[in-house]
Amino acid sequence: MNSIATKILASTMFGAISGIANLAYGIALAALLFSGSLIPGYELGVGVILLGGVILGLVVTLRSGQPNAVAEVQETTIAILVTTVVVATTNMSGSVEEAKVLTTLAICGTFSIATGLLFLIAGKLRIGGFANFLPFPVIAGFIAGSGWLLLIGGISMVAGEHHELTSTLFSLTNALIFVKVIPAIVFALLMMVMLRRLSHPMVAPLLLVTAGGGFYLVLLIAGIDVEKARSFGWLLEITSSHGIMFPTLDMLRLIDWQQVIIAIPMAISAAALSMIAMLLNTNALELETGNELDANAELRITGIANILVGFIGGLSGFIALGHTLLAKKMGVHGRSAGFANVTVLIIGMLIAEPLISKVPIFLMAGLVMFLGLGLLYEWLIKTHHKLPLTEWMIVVIIFIVIATLGLFEGLAVGLLVSVIMFIHSYSKLPVIRLNASGCELRSSVDRSAIATRILDYYGSSIQVIYLQGYLFFGTADHIVDGIRKRISRRDMPVLRFLILDFSHVGGCDSAATLCFIKIRNIAKLGHVKVIFTRVSVEVEYLLQQAGLDFDVNELLSLAIDSDHALEICESTLLTEQYDELNSFNILHYLETILGSHSKLPELVEAMKYIYLKAGNSLIHRDDDDTSVFILVQGQLKVQIDLPDGRQLRLRTMTSGAVVGEISFYLHKKRTADVIVEEDSIVLRLDAQVLAHLEKENSEVAILIHRLLAINLSEKLMSANRLIEIGNICFYFAIISMVTSPNGLHFQV
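If you want it as structure tokens, here you go:
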């Protein structure tokens, strides 16, 4: 029983604190929006904002993945909304006040509906994380600028000007206005200092009550009645006596829909900023509460809530980080936190009628200034210690543009800075995934020891570059620079072949294709053959449109993949240096590997010659045969069958290649098929023959074991070299992802 009573008391206390704060902010924001010529709509604005808060709070409370979630109208985009309203009402200078008020309400609704639709679409498409790709300095500068506009808006509420910067600041030269602004500034600063020094949840409500009570105590002592105070400009001039009001359908006919349509671009901008702010809140909430939230689900729920709020002309909002954490701190769990907040808001609507005309202007203006100062402190001052100086200067630049020229200009500068930062950051990412010579990378062709040694010597004349990412004018130049450096190196053989692999390229723009024209020209001067591999249809079309004539230019060609391209280059080098087909001699081959030995002819005699036609199979997968083969003449390929029926080539073998030694030693079934690609001659050694030699002629048996061991060792060394290159490439790829955009650019 005590536990239930404790929970009820905690919920009641939290509801009172959260509800009163939301009620005060709602009234203050209404006063900010509906001031100056729009003051006749103040009561309607209060009613709509509070009712919108109730709808927002109920939907989020019922559906959010955070059980004690509390939603409220957010101040992040208020400055954009106010600026848009100023422009709209200025354009309606010849309209009646009621039309201006209702158009303002429609613009508020448009902002909320745009926010709701963006949230809903992003949540449905599960792209909520996309907002995180916006540069943080741009977000910080924009929100800091919004804080400045809220600060100016608070001053304009007291001054009676309609939020225009120059006239608002100029009005402070009027001593009467300056005297009225001072209490609002003092109250805003007091709120800011006290809330940062004292963490008790009752601080804000007590400050509000104390400031309001102190105002009326001063009036009492000075002998000034309420109406006289109103005439002095200390209270709002409310001409109607209807109390708070709510929108009706017949009001639609007075709305200037042209101004609403003009406001849509700014509404979309505000929606994007709201999504960023909400995702920041969601991430912070996960860290503070330890409760994992589905950001996309929260976007969908909050989107529906904002659309509903927008239909009545209310202000957009989402989960409030501070109030939700306050509920946790006060021990309010489950949905009771949100219901308590909504209950107090409903009660506030019932008592708001006598309240809205009695709240001092300095109190409402001070609250708006407090919100603005909070944004300035969090996003302009504190970021100075969190960001590098260059990034913080971007925050300052955007802030200054907004403060001096306006929100529209700040938005334009912010977008421009975003594009520049994206290009700068993306251009720093490594576009070369792997850069290796023909000595480090070999094709999957097994060759004789003599051919291998020739490729070891001349392989550096082949260069293989694996590209990655999206190629555009900011990154493609890195490829050209790398090729220029390779060609200019005097400590390496002259470059003969260049292989560009596009298997990890996501696409390229037309400007990037010009860089490949440069590569063609460089290759032409150096007589370098360039082979493009794994090029997508789209990229190939762009390259051909740019002028790469693969069908005409003998120095340019396309290949299926880098392995086939390497095979072409290696075969060309070997043909120039050594004719495998006509020069291969088995005894000479064995002497090259094993050295001169009198028993080598006996080794050859122990094996059987087999003549094979192209298309025949030498080895079948899953065969029990464990013979080993040496290819004397011709060409073989090792392949496996894929689940979809296709065949995958694993290796190609030429004269001198040893085939089947693993099954020979392990006495296991064959793991792949070996197909004859060209008419071939092979030497076959059976396991039974080797067993006989081990008993009767151990010297020959030892030579066979040495031959097979050397062959396996060379294959292992080749595999280790590839693994080492791959691991280094992978390591630096990881480094480039976890470091800053100005991180490492690595080439093997």
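Following our numbering, the numbering of the sequence shown begins with -14 at its first residue and continues without gaps.
Here a beta-carbon is modelled for each residue, glycine too, at the ideal position from N, C-alpha and C.
Cβ separation of residue i and residue j, assumed to be a contact under 8 Å, to the nearest whole Å
| i | j | result |
| --- | --- | --- |
| isoleucine 615 | valine 659 | With 8 Å as the limit, isoleucine 615 and valine 659 do not qualify as a contact, their Cβ atoms being about 13 Å apart. |
| leucine 278 | leucine 35 | Contact doesn't hold; Cβ gap of about 27 Å is too wide. |
| isoleucine 7 | glycine 38 | Here residue 7 turns out to be asparagine, not isoleucine, going by the sequence shown. Correct: roughly 6 Å between the Cβ atoms. |
| serine 97 | alanine 325 | With 8 Å as the limit, serine 97 and alanine 325 do not qualify as a contact, their Cβ atoms being about 24 Å apart. |
| glutamine 448 | valine 416 | About 16 Å; that fails the 8 Å criterion. |
| leucine 174 | alanine 16 | Actually they are not in contact, since the Cβ atoms of leucine 174 and alanine 16 sit about 19 Å apart, beyond 8 Å. |
| isoleucine 450 | glycine 467 | 7 Å |
| aspartate 431 | arginine 636 | 6 Å |
| leucine 352 | glycine 197 | Incorrect: roughly 11 Å between the Cβ atoms, too far for contact. |
Spatial neighbours of residue i in its chain, beta-carbon cut-off 7 Å, leaving aside the 5 residues before and after
| i | result |
| --- | --- |
| threonine 368 | Ala125, Trp377, Val380 |
| alanine 282 | Gly50, Gly108 |
| glutamine 444 | Looking at the sequence provided, one finds glycine at residue 444 rather than glutamine. Here the set comprises Ser422, Gly423, Cys424. |
| alanine 9 | Leu193, Leu352 |
| threonine 69 | Ile92, Ala248, Met251 |
Reduced DSSP category for residue i - H, G, I as helix; E, B as strand; rest coil
| i | result |
| --- | --- |
| serine 734 | Residue 734 lies beyond the residue range present for the chain, which begins at -14 and ends at 733; the question has no answer from this structure. |
| threonine 375 | helix |
| arginine 474 | coil |
| arginine 636 | strand |
| valine 45 | helix |
| valine 344 | coil |
| phenylalanine 735 | Here the chain comprises residues numbered -14 to 733, so residue 735 is not present and cannot be evaluated. |
| isoleucine 112 | coil |
| arginine 320 | coil |
| aspartate 664 | strand |
| serine 141 | helix |
| isoleucine 382 | helix |
| alanine 421 | strand |
| glycine 619 | strand |
| glycine 444 | helix |
| isoleucine 336 | helix |
| phenylalanine 614 | strand |
| glycine 130 | helix |
| arginine 181 | helix |
| leucine 579 | helix |
| serine 542 | strand |
| glycine 454 | strand |
| lysine 654 | coil |
| threonine 460 | coil |
| glycine 0 | helix |
Straight-line gap, residue i to residue j (C-alpha atoms, nearest Å)
| i | j | result |
| --- | --- | --- |
| alanine 91 | leucine 527 | 48 Å |
| leucine 701 | isoleucine 507 | 37 Å |
| lysine -8 | lysine 314 | 13 Å |
| glycine 600 | isoleucine 545 | 22 Å |
| serine 422 | isoleucine 504 | 18 Å |
| leucine 692 | leucine 483 | 34 Å |
| valine 45 | glutamate 271 | 16 Å |
| serine 184 | methionine 176 | 12 Å |
| isoleucine 167 | isoleucine 346 | 12 Å |
| isoleucine 435 | isoleucine 571 | 12 Å |
| serine 428 | proline 120 | 43 Å |
| isoleucine 5 | isoleucine 289 | 25 Å |
| threonine 89 | methionine 334 | 21 Å |
| threonine 375 | alanine 350 | 35 Å |
| leucine 688 | glycine 645 | 17 Å |
| threonine 560 | leucine 456 | 36 Å |
| leucine 110 | leucine 300 | 25 Å |
| phenylalanine 731 | tryptophan 364 | Model confidence at phenylalanine 731 stands at a pLDDT of 30, short of 50, so the residue's coordinates are unreliable and nothing is read from them. |
| leucine 551 | threonine 639 | 15 Å |
Sequence-distant residues of the same chain with beta carbon closer than 8 Å to residue i, five excluded per side
| i | result |
| --- | --- |
| asparagine 53 | Thr309, Ala312, Lys313, Val317, His318, Gly319, Arg320, Ser321, Ala322, Gly323 |
| leucine 358 | Gly132, Leu136, Ala173, Leu174, Met177 |
| isoleucine 297 | Val33, Leu36, Gly37, Ile40, Gly94, Phe231, Pro232 |
| isoleucine 253 | Ala99, Leu103 |
| serine 542 | Lys514, Val515, Ile516, Phe517, Phe535 |
Residues near residue i by beta carbon distance below 6 Å, same chain, minus five either side
| i | result |
| --- | --- |
| leucine 134 | Ala64 |
| leucine 558 | Tyr443 |
| arginine 606 | Arg655, Ala657, Asp658 |
Residue i: CB within 7 Å of a non-hydrogen atom of the ligand SAM
| i | result |
| --- | --- |
| leucine 23 | Absence of the ligand SAM from the depicted structure is noted, as is the absence of any ligand whatsoever, leaving it without description. |
Residue i at chain D interface by Cβ criterion, 8 Å
| i | result |
| --- | --- |
| leucine 17 | Here chain D cannot be found, since the structure has a single protein chain. |
Open item on the list: Quick check: the stretch 194 to 207 against the stretch 376 to 390, are at least 3 beta-carbon pairs closer than 8 Å?
Closed with: no
TODO: Count the CB pairs spanning the stretch 405 to 422 and the stretch 625 to 634 that are closer than 8 Å, and state whether there are at least three.
DONE: no
Task: contact_flag[the stretch 579 to 598, the stretch 667 to 677] where n(CB pairs < 8 Å) is 3 or more - done: yes
Task: Touch test, the stretch 234 to 244 against the stretch 75 to 87, Cβ-Cβ under 8 Å, three pairs minimum - done: yes
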